[in-house]
Amino acid sequence: MSWLSTLMPARLAHRIALTLGLLSLTLAAAIWLYGQYALRPAIAQSEQQAARAQAEHTRDLFVEAAAALERQADSLANWDDAYLYATGADPQRLNAFLDSRTHNALGLDFLAVFDPRGDLMTTAEWGGKGVFRDELMLTRELDPATSFGRIFTQAVRQGKKVSGGVVRLARGPYYVSIAQIRPASRQGGPAGYLVTGVAADKLLLQTKGAYSATLARVVPITARDLPDQVLHWVGKREPASDELLIFRDDATTQTWNAIPSLDGKPALLLGSSQPRDMSRLASEKLAQIALIAVGGTLLLGLVAWGVVHALISRRLGALLQSVHGLTRPGQTALLATHGNDEVAFLTRAVNQLAHSKNTSIEALRQVEHQLDLVFAQSPSAMLLVRDGQLSDANVAATALLKAQHSATLVGKHLSDIVESSDATARRLLLLTQSRQLDGEIPPLLCRVHALDGSLISCDIKALRLPLPGKPTLYLFISPLAGEQAAAGGAEQGGRLISISDRLAPRHA
């Protein structure tokens with residue numbers, strides 16, 4: 001996962017916020033994918049089943065209405081009035097009955113009576129203004145040479161008491177019932193035939209079952225407003241595929257059933273529409289979930305950044321500054337600790353290191369102060385050398401080297417003070433510049449140059465004290481017994497030269 005770390009921001013708060021944001025977006029994407037590829041197909045399948053159930057219900061209603069129309073035609077054919085009219089015994093009774101039904105109380109669009117030979121005797125057609133008898137247009141549509149005439153002739157040959165089906169007339173598809181006029185009280189063959197017809201799109205309205213005109217349509221096969229998919233399905237429909245399911249704009253589901261005519265050809269289409277409320281609701285909810293997920297992701301990332309920045313990043317930043325302060329000169333401020341988490345434990349550990357450093361610095365200051373007092377008040381000669389040059393001298397060293405004051409010696413090289421031609425002096429110079437010098441150096445016999453040109457023989461002993469932050473080398477100079485008088489009555493005893501080695505490691 002190193003490649004992922006390279007893509008992440010360097011800041012811990014930003015990285016955690018980005019990680020949480022990506023995880024939240026991944027969760028939101030997973031929810032959306034689940035809804036898109038699992039939930040919505042399941043809902044669509046449920047809606048298809050509901051649409052098919054609605055289509056079957058519409059078809060059942062149509063079949064029920066057709067059966068009721070056939071029963072009505074059979075009932076009318078069993079009347080004595082129809083028998084008397086067909087036989088010519090008393091045609092006035094049926095005429096009076098038909099002329100009195102001006103408001104279409106029978107629920108029929110037209111009625112026709114044929115004699116036993118199949119010749120048309122009379123027609124009655126109901127419209128908005130009343131009943132119309134023997135209309136020429138209807139008479140032509142019921143002519144034996146038309147499609148109805150062929151269907152009628154076939155029904156007569158079959159000899160069924162009642163037969164019905166959809167017939168495509170010039171005015172549109174009609175459900176036509178053909179019943180034999182043969183009352184139960186009469187003997188012999190049929191006295192004629194009674195034909196009733198109802199417009200197919202009005203047939204469903206006559207049913208007593210639940211029907212919604214907004215959800216179902218009854219249209220002829222030749223309608224111009226049919227969808228292209230329906231026309232293609234009707235033109236190439238197989239006998240087994242008795243229904244067509246269409247999704248329209250994710251708003252409705254349309255189911256179409258084809259009703260054949262009496263000649264076996266498709267004549268009528270039953271269309272059912274089922275609103276896709278569940279899919280629309282699922283789409284809206286998925287969109288809301290996506291928006292909520294995105295907003296929640298942004299809020300979660302912001303909260304994560306704030307919490308991590310406040311609880312971790314800021315404290316780690318202060319802790320990092322404190323760690324850097326341990327490597328710099330001077331004291332390091334202690335950090336405040338909050339809580340008992342890992343950052344607090346690490347802060348306490350760094351505070352302990354800072355406290356140890358501060359204690360060492362304070363002890364070093366005290367040691368340096370004491371060394372300054374010893375350097376100033378010591379009766380022994382002491383010189384301070386940096387970078388191989390004298391940087392300071394106490395009163396005893398000034399007197400030993402016969403200088404007027406200590407400033408006269410400052411800046412002189414150690415080789416100018418010590419006789420460099422002596423082997424022991426060269427050894428002393430090498431030892432003072434050595435990095436491995438530690439502890440006490442055995443006494444060395446050297447000669448020291450005074451400012452008046454005289455040479456003073458001395459025993460020199462070097463000692464390095466590993467003081468924290470400032471390793472220091474001390475040289476003890478003891479004039480020989482014969483040289484004490486020449487040194488101007490310099491006091492007997494050890495004299496100390498303090499040399500700060502520039503090559504020694506430095507500590508804060």
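The numbering of the sequence shown is the UniProt record's numbering, which starts it at 1 and goes up by one. We treat Cβ as the ideally placed atom computed from N, Cα and C, and that holds for glycine.
Item	Value
Exposure of Ala267, with buried meaning 16 or more beta-carbon neighbours within 10 Å	buried
Pro183 CB to nearest heavy atom of the ligand GDP below 7 Å	With respect to the ligand GDP, the structure shown offers nothing to examine, as it has no ligands at all.
Top-ranked residue by Cα proximity to His413, from Tyr83, Ala403, Ser391 and Asp422	Ser391
Cut-off 6 Å between Cβ atoms - residues of its own chain near Arg217, not counting five sequence neighbours on either side	Gly271
For Gln48, the three-state DSSP class (helix, strand or coil)	helix
Cβ-Cβ distance between Leu326 and Leu353 below 8 Å	yes
Contacts around Asp115, its chain only, beta-carbon distance under 7 Å, and the 5 residues preceding and following it disregarded	Ala86, Met121 and Gly192
Close-in-space but distant-in-sequence residues of the same chain around Cys446 (CB under 7 Å, 5 per side omitted)	Val418, Glu419, Asp422, Thr424, Ala425, Leu428, Cys458 and Ile460
Residue range of the alpha helix (DSSP H) that includes Trp79	Taken as a continuous stretch (DSSP letters only), Trp79 belongs to no alpha helix (DSSP H), as it is neither H nor E.
Neighbourhood of Arg59 by C-beta distance below 7 Å, restricted to the same chain and skipping five residues each side	Asn257 and Leu270
Continuous alpha helix (DSSP H) assignments of at least 4 residues falling wholly in the UniProt domain "CHASE4" (67-206)	80-87, 91-100, 136-141, 147-158 and 200-203
Cβ neighbour criterion (16 or more within 10 Å) applied to Tyr34	exposed
Asn340, buried or exposed, once every other Cβ within 10 Å from all chains shown has been counted against 16	exposed
Element boundaries [beta strand (DSSP E), containing Asn257]	Thr252 to Pro260
Close beta carbons around Ser261, own chain, < 7 Å, minus the five adjacent residues each side	Gly165, Val166, Val167, Arg168 and Ala267
Residue nearest to Ala73 in terms of C-alpha spacing, selected from Ile43, Leu302, Leu84 and Leu108	Leu108
Pick from Leu319, Gly330, Pro329 and Lys357 that is closest to Glu342, judged by C-alpha positions	Leu319
Alpha helix (DSSP H) segment containing Ala38, residue limits	No alpha helix (DSSP H) contains Ala38, which DSSP labels as neither H nor E.
Three-state secondary structure (DSSP) of Val303	helix
Cβ-Cβ separation, Gly197 to Val176 (assumed contact under 8 Å), whole Å	5 Å
C-beta contact flag for Leu203 and Phe97 at 8 Å	no
Rounded straight-line distance, which links the Cα of Ala112 to that of Leu69	15 Å
Reduced DSSP category for His14 - H, G, I as helix; E, B as strand; rest coil	helix
Secondary structure of Lys412, DSSP reduced to three states	coil
Assigned exposure category for Leu302 - 16 Cβ within 10 Å defines buried	exposed
Which residues DSSP lists as bridging Pro266, in chain order	Pro260
Nonlocal neighbours in the same chain, by C-beta distance under 7 Å from Ala155, ignoring five residues either side	Ser163 and Ile178
Contact between the segment 366-382 and the segment 394-403 (3+ Cβ pairs under 8 Å)	yes
Which residues DSSP lists as bridging His309, in chain order	Answer is none; His309 lacks a bridge partner.
Residues sharing a beta bridge with Gly271, DSSP	Arg217 and Trp256
Own chain residues within Cβ distance below 7 Å of Ile16, not counting five before or after	Ala304 and Val308
Beta-bridge pairing of Leu401 - partner residues as DSSP gives them	Answer is none; Leu401 lacks a bridge partner.
DSSP state of Leu226 mapped onto helix, strand, coil	coil
Residue from Gly189, Thr297, His338 and Arg140 with nearest C-alpha to Thr19	Thr297
Distance CB(Gly118)-CB(Pro144) smaller than 8 Å	yes
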